[in-house]
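Data block below; observations after.
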């Protein structure tokens with residue numbers, strides 16, 4: 157039989173019954189593509205053997221962590237092998253001398269944070285899915301999160317990787333050295349490569365000391381453009397908050413409906429701002445931010461306890477999953493523009509929403525210009541679905557005109573691949589293909605994603 | 029099937045958040061053991077794209093505690109407990125029930141048969157059980173191997189006299205009726221004793237309706253909807269027209285079953301008459317601690333017992349019935365209260381789950397032990413006898429017999445002077 161080799165290699169960690177394939181057929185895009193089998197390796201050697209076998213037999217291999225991605229990176233769109241990293245979830249080392257963690261790809265982001273906390277350390281990238289997304293997935297998609305405004309994204313925190321290449325060979329790229337210029341910077345090529353160039357089996361992550369303290373503020377605006385102006389004003393005043401998030405009116409209504417968190421439902425927008433540092437620094441920053449917000453007509457609430465802080469953040473993190481309350485279909489985009497262009501971009505989305513008569517919900521990371529533009533539609537209404545796609549097309553155009561990017565942190569996968577060329581150009585796509593061929597001549601690794 | 033039931037799974041957006049809260053997933057770490065996996069299987073089954081014919085169906089769908097931790101955390105209110113129950117019904121149709129669950133259904137359907145089984149088990153107990161020298165455990169280990177039950181498992185002794193045999197309705201113009209639940213009726217009668225004592229001290233009249241049937245939870249949770257429906261109808265018919273303000277259901281799982289699952293059970297069968305009746309009936313069902321808290325001056329009467337107490341939230345009390353603060357407030361008046369970390373983390377009992385998957389069940393229970401110890405409490409209080417059974421065993425295994433377990437009602441009774 158086709159997969160006898162894998163069966164012998166993995167025993168009951170090789171799955172091919174429909175009941176199993178079905179549960180490894182989806183991700184948070186809610187699309188379904190059945191793999192032909194599922195494998196659950198426990199170590200790099202097994203991954204190597206699986207990939208070598210797949211390459212020799214020209215069978216697609218799609219790595220998946222927690223399947224919480226929004227761009228379809230974990231979907232077996234051409235069938236083949238679903239390579240689940242669920243069982244490769246060991247934190248191998250926390251090197252306190254060098255402030256580096258060595259982890260397997262299946263480790264959940266939050267589980268790592270919990271392990272690091274007693275040492276006064278953390279891994280800064282914190283996607284909203286941090287409690288249920290894996291480090292491997294975070295690296296493959298080059299994930300961001302609310303803290304990106306201050307700390308950057310995953311690429312800024314990966315020092316090295318162990319990777320299984322398409323022919324099954326195992327390589328190590330990067331190292332524990334902060335400075336390392338030997339050869340091409342392949343580490344950064346693998347970060348964000350969405351499983352198309354190799355399978356990440358180990359990662360060396362830079363860690364950062366936890367700030368002495370932090371404080372969260374919630375500013376309520378009755379005019380969206382003033383909220384956007386506030387974001388620019390804060391940055392202009394040389395304050396870099398550790399998070400600077402915004403939530404628009406429709407998102408406020410949706411979360412309030414789900415959580416009953418006593419949110420201001422009459423507001424046009426909320427900014428959630430977190431500053432951190434020494435007591436003195438926090439006090440100074442908070443005072444300035446309160447002043448800027450107030451000047452822009454906002455009501456400011458300062459969280460005085462962990463509970464208050466958590467409830468503010470819970471509301472923010474709950475938006476994405478609760479959108480289904482509005483409509484069963486959504487085009488979940490994560491465009492990014494230079495932060496000075498935020499107000500303009502949001503205004504554009506509102507004009508586009510009006511033009512195509514669809515509902516657009518905006519929220520996201522205002523501090524780094526990353527806006528989650530969710531175009532909502534009823535899947536049973538084919539005309540509305542068409543209008544939603546037209547609106548999305550125009551949102552991308554406007555975003556690119558402002559010098560933005562079609563994806564800030566979700567990745568391209570299948571959901572955005574038709575728009576990629578518009579941003580990067582045909583010569584660059586051609587180069588992608590040449591790079592892909594050099595790494596994976598048989599195109600077995602996550603084929604037909606990112607236009608590859 | 030009633031359209032309203034479908035939102036339980038159609039609301040899932042496959043975000044994966046349930047992976048961060050499920051106690052079973054925390055141990056097994058694979059998609060087939062988490063809500064999103066269960067939901068996907070059921071929704072594909074409903075669409076006609078999949079059936080539960082694989083032998084693995086049982087392993088995947090029965091390894092769920094129905095603790096509803098995922099339901100509480102789900103931003104879209106997907107009802108995984110209901111989803112798992114409906115999937116199990118299909119599994120029963122295809123694969124049948126294990127023998128012991130068939131026997132259990134037969135017994136639970138018939139109160140006389142239940143009494144007889146309990147009586148014979150009690151008479152035989154001298155031969156069956158080793159006398160446990162530690163009376164604080166109030167449980168015995170088996171002398172011989174019984175089918176379905178591990179030999180070293182600590183089991184609470186059956187009471188010589190059941191709750192229903194011990195008590196009659198009391199007082200005039202009673203506005204509450206007491207439903208003890210099988211576990212309290214047959215084994216933890218002392219918890220029932222505590223509630224009766226409290227009511228007498230407060231001079232509250234009560235009814236005890238001895239024709240009541242088992243609530244059907246263990247049967248329904250196994251996926252045996254047909255027998256569960258018989259019991260649900262019997263109970264609704266019995267209590268529906270009674271002139272009472274409350275049906276006080278001592279076991280949170282029974283209360284949860286009658287209050288929230290009865291309406292869904294009838295939705296499954298599209299039984300309009302009983303959906304309506306069950307929904308109205310649900311209004312009257314209340315937990316005893318919440319009843320005392322809301323309707324009496326119990327709080328003012330409590331005296332400090334001098335004990336240091338921590339509290340475990342039973343899933344079917346905190347998550348489904350939303351009773352969380354009432355027991356804590358009462359405990360604070362009766363003892364020195366120490367909140368433990370993750371007090372609402374499931375104890376891992378899950379009814380027949382603890383029989384079918386004992387090792388996994390105890391592993392989940394053991395995760396609570398450190399939190400209990402770190403609270404530095406002498407007594408672990410909780411509001412559910414199944415949790416008491418589970419946690420006292422887990423404490424025993426961990427070598428911490430010095431920590432006693434009490435039901436909230438027992439602590440209240442003590443605090444009122446015993």
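Chains as they are written, first to last, in my numbering: chain A, 157 to 608; chain E, 29 to 446. Even for Gly, the Cβ is constructed at its ideal location relative to N, Cα and C. Computed from a prediction, not measured in an experiment: that's the story for all the values here.
Nearest-angstrom Cα separation, counted from residue j out to residue i
i: residue 422(E); j: residue 74(E); result: 39 Å
i: residue 590(A); j: residue 397(A); result: 40 Å
i: residue 120(E); j: residue 420(E); result: 32 Å
i: residue 253(A); j: residue 339(A); result: 26 Å
i: residue 198(A); j: residue 206(A); result: 12 Å
i: residue 248(E); j: residue 240(E); result: 17 Å
i: residue 593(A); j: residue 320(A); result: 16 Å
i: residue 549(A); j: residue 531(A); result: 11 Å
i: residue 515(A); j: residue 309(E); result: 41 Å
i: residue 525(A); j: residue 498(A); result: 6 Å
i: residue 40(E); j: residue 456(A); result: 34 Å
i: residue 48(E); j: residue 310(A); result: 21 Å
i: residue 420(A); j: residue 503(A); result: 21 Å
i: residue 280(A); j: residue 113(E); result: 41 Å
i: residue 298(E); j: residue 200(E); result: 40 Å
i: residue 146(E); j: residue 233(A); result: 57 Å
i: residue 259(A); j: residue 88(E); result: 29 Å
i: residue 601(A); j: residue 522(A); result: 34 Å
i: residue 300(E); j: residue 311(E); result: 17 Å
i: residue 487(A); j: residue 242(E); result: 49 Å
i: residue 367(E); j: residue 410(E); result: 12 Å
i: residue 444(E); j: residue 225(E); result: 9 Å
i: residue 319(E); j: residue 203(E); result: 12 Å
i: residue 191(A); j: residue 217(A); result: 9 Å
i: residue 97(E); j: residue 349(E); result: 13 Å
i: residue 572(A); j: residue 273(A); result: 36 Å
i: residue 246(A); j: residue 177(A); result: 25 Å
i: residue 235(A); j: residue 397(E); result: 45 Å
Cβ separation of residue i and residue j, assumed to be a contact under 8 Å, to the nearest whole Å
i: residue 264(A); j: residue 222(A); result: 7 Å
i: residue 111(E); j: residue 67(E); result: 6 Å
i: residue 191(E); j: residue 220(E); result: 4 Å
i: residue 475(A); j: residue 411(A); result: 6 Å
i: residue 202(A); j: residue 166(A); result: 7 Å
i: residue 44(E); j: residue 238(A); result: Contact flag wrong, Cβ pair sits at about 15 Å.
For the 8 Å Cβ check, are there 3 or more pairs between the segment 250-259 of chain E and the segment 205-215 of chain E? A contact between stretches requires three or more CB pairs, one per stretch, nearer than 8 Å, and the segment 250-259 of chain E fails this requirement with the segment 205-215 of chain E.
Check whether the segment 352-370 of chain A touches the segment 431-438 of chain A, taking contact to mean three or more Cβ pairs, one atom from each stretch, closer than 8 Å. yes
Restricting to runs no shorter than 4 residues, where is the alpha helix (DSSP H) found entirely within the segment 238-299 of chain A? 265-272 and 291-296
Give, in chain order, every residue of the segment 212-225 of chain A whose Cβ lies closer than 8 Å to some Cβ of chain E. So the close ones are 222, 223 and 224.
Against chain A: residues of the segment 33-58 of chain E by CB proximity under 9 Å: 38, 39, 40, 41, 42, 43, 44, 45, 46, 47, 48, 49, 57 and 58
Going along the chain, which residues of the segment 242-255 of chain A sit with their C-beta nearer than 8 Å to a C-beta in chain E? Look at the segment 242-255 of chain A: the residues with a C-beta under 8 Å from a C-beta of chain E are 242, 243 and 245.
Jot down the residue ranges of each uninterrupted alpha helix (DSSP H) in the segment 341-394 of chain E, minimum 4 residues, whole runs only, in chain order. 343-346, 353-362 and 381-384
My parser needs the beta strand (DSSP E) runs of 3 or more residues fully inside the segment 232-278 of chain E; what are they? 274-277
State whether the segment 308-326 of chain A contacts the segment 344-361 of chain A, with contact taken as three or more CB pairs (one from each stretch) at a distance under 8 Å. yes
Is there contact between the segment 433-445 of chain E and the segment 352-359 of chain E, where contact requires at least three CB pairs shorter than 8 Å? yes
Would the segment 400-420 of chain E and the segment 335-353 of chain E be scored as touching if the rule is three or more Cβ pairs under 8 Å? yes
With three or more beta-carbon pairs closer than 8 Å as the criterion, would you say the segment 72-87 of chain E touches the segment 253-266 of chain E? no
Could you please tell me which residues of the segment 311-323 of chain E, in chain order, have their CB closer than 9 Å to any CB of chain A? none
How about the segment 329-343 of chain A and the segment 547-561 of chain A: do they share at least three Cβ pairs that are nearer than 8 Å? Contact between the segment 329-343 of chain A and the segment 547-561 of chain A is absent: fewer than 3 CB-CB pairs across the two stretches fall below 8 Å.
According to a CB-to-CB cut-off of less than 7 Å, which residues of the segment 101-119 of chain E neighbour chain A? 103 and 104
Should the segment 51-60 of chain E be called in touch with the segment 242-260 of chain A, which here means at least 3 C-beta pairs below 8 Å? yes
How about the segment 386-393 of chain A and the segment 439-448 of chain A: do they share at least three Cβ pairs that are nearer than 8 Å? yes
Please identify, using Cβ separations under 8 Å, the residues of the segment 69-81 of chain E that lie next to chain A, in order along the chain. 69, 72, 78 and 80
Looking at C-beta atoms only, is the number of pairs between the segment 409-420 of chain E and the segment 258-277 of chain E that lie closer than 8 Å three or more? no
Tell me whether the segment 531-542 of chain A and the segment 475-484 of chain A touch, counting them as touching only if at least three CB pairs, one residue from each stretch, are closer than 8 Å. yes
Inter-stretch contact (C-beta, 8 Å, three-pair minimum) for the segment 369-384 of chain E and the segment 320-329 of chain E: No: fewer than three Cβ pairs fall under 8 Å.
Please list the residues of the segment 423-440 of chain A that have a C-beta atom closer than 7 Å to any C-beta atom in chain E, keeping them in chain order. Those would be none; no residue qualifies.
Tell me the start and end of each unbroken alpha helix (DSSP H) in the segment 402-436 of chain E that is at least 4 residues and wholly inside, in chain order. 413-425
Taking only beta carbons into account, state which residues of the segment 187-203 of chain E come closer than 9 Å to chain A, listed in chain order. Under the 9 Å Cβ criterion, the segment 187-203 of chain E contributes no residue.
Please list, in chain order, the residues of the segment 385-419 of chain A that have any C-beta partner in chain E closer than 7 Å. Residues 414.
Positions along the segment 401-415 of chain E whose CB lies within less than 9 Å of some CB in chain A: none
List in chain order: all unbroken alpha helix (DSSP H) runs of 4+ residues lying wholly within the segment 406-462 of chain A. Qualifying alpha helix (DSSP H) stretches, in chain order: 435-451.
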